[in-house]
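Numbering (my numbering), first residue to last: -12 to 191.
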């Protein structure tokens, strides 16, 4: 009698589709367990691919994890841009920053507790992932500087980097609490106060 494995049809798809399926499987795996506990064998199995194929597309687990982070960073940046573009013309810098924070909270809530796992792993991950995080943070600082009136020196640079670090730590506490809606207003106001206090004023 033929086995169930013999009868199971093979999934046929083009390389781009296969790559996306592997990424989806990896995103779920890395969000559910520490990096060290995720194996390429299980990711490949869930994606109906071979471990060798995962290596071909992503140069190993470190490369796969870095690509998962890169995709998330790109999506957040795009969603933030769209939310900003949807604001009325001549919206204040404060309103624009508030909108970016609310967009970030929505993004985090959709990915909790996976987002928390990624934050906790920061600093204890492969070099490829560290480079992705650094590039994303630098891009966020540049975008924020444009909103608040530009970076005018070391003080502003420290203020912008410090604000983003504060925001991540505050959001981590929010996620630990279960992302309650009734805490959103307090978190947003605290983050705005942090940035305003660090800058000294709103530039635009």
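Glycine is no exception: its CB is placed at the ideal position from the N, C-alpha and C atoms.
Just so it is clear, the structure is predicted and the values come from calculations on it, not from any experiment.
| Contact belief for residue 162 with residue 99 at Cβ below 8 Å, rounded distance in angstroms | Within the chain shown, residue 162 is the residue found at index 175, counting from 1. Within the chain shown, residue 99 is the residue found at index 112, counting from 1. With a contact defined as Cβ atoms closer than 8 Å, residue 162 and residue 99 qualify at about 5 Å.
| request: Mind checking which residues open and close the alpha helix (DSSP H) that includes residue 121? | output: Walking along the chain shown from the start, residue 121 turns up at place 134. It spans 114 to 135 - the alpha helix (DSSP H) in which residue 121 sits, taken as one unbroken run.
| request: Less than 8 Å between the CB atoms is what I'm expecting for residue 88 and residue 154, so what's the real figure, rounded? | output: One-based indexing of the chain shown puts residue 88 at position 101. One-based indexing of the chain shown puts residue 154 at position 167. With a Cβ gap of about 7 Å, residue 88 and residue 154 count as contacting.
| field | As assigned by DSSP and simplified to three states, the class of residue 166 | value | As a first step, residue 166 must be located in the chain shown, where it is residue number 179. Three-state DSSP puts residue 166 in coil, outside helix and strand.
| Under a Cβ-count criterion, where at least 16 other Cβ atoms within 10 Å of its own Cβ denotes burial, should residue 28 be classed as buried or exposed? | Working through the chain shown from its first residue, we reach residue 28 at position 41. Counting Cβ neighbours within 10 Å, residue 28 comes out exposed, since fewer than 16 surround it.
| request: Please state whether DSSP places residue 71 in a helix, a strand or coil. | output: Numbered from its first residue, the chain shown carries residue 71 at position 84. Note: residue 71 maps to helix in three-state DSSP.
| task | Reducing DSSP to helix, strand and coil, say where residue 209 ends up. | result | The chain is shown from -12 up to 191; residue 209 falls before or after that span and cannot be answered.
| Which residues bound the alpha helix (DSSP H) around residue 87? | The count along the chain shown starts at 1 and reaches residue 87 at position 100. Counting along the chain, the unbroken alpha helix (DSSP H) around residue 87 starts and ends at 80 to 98.
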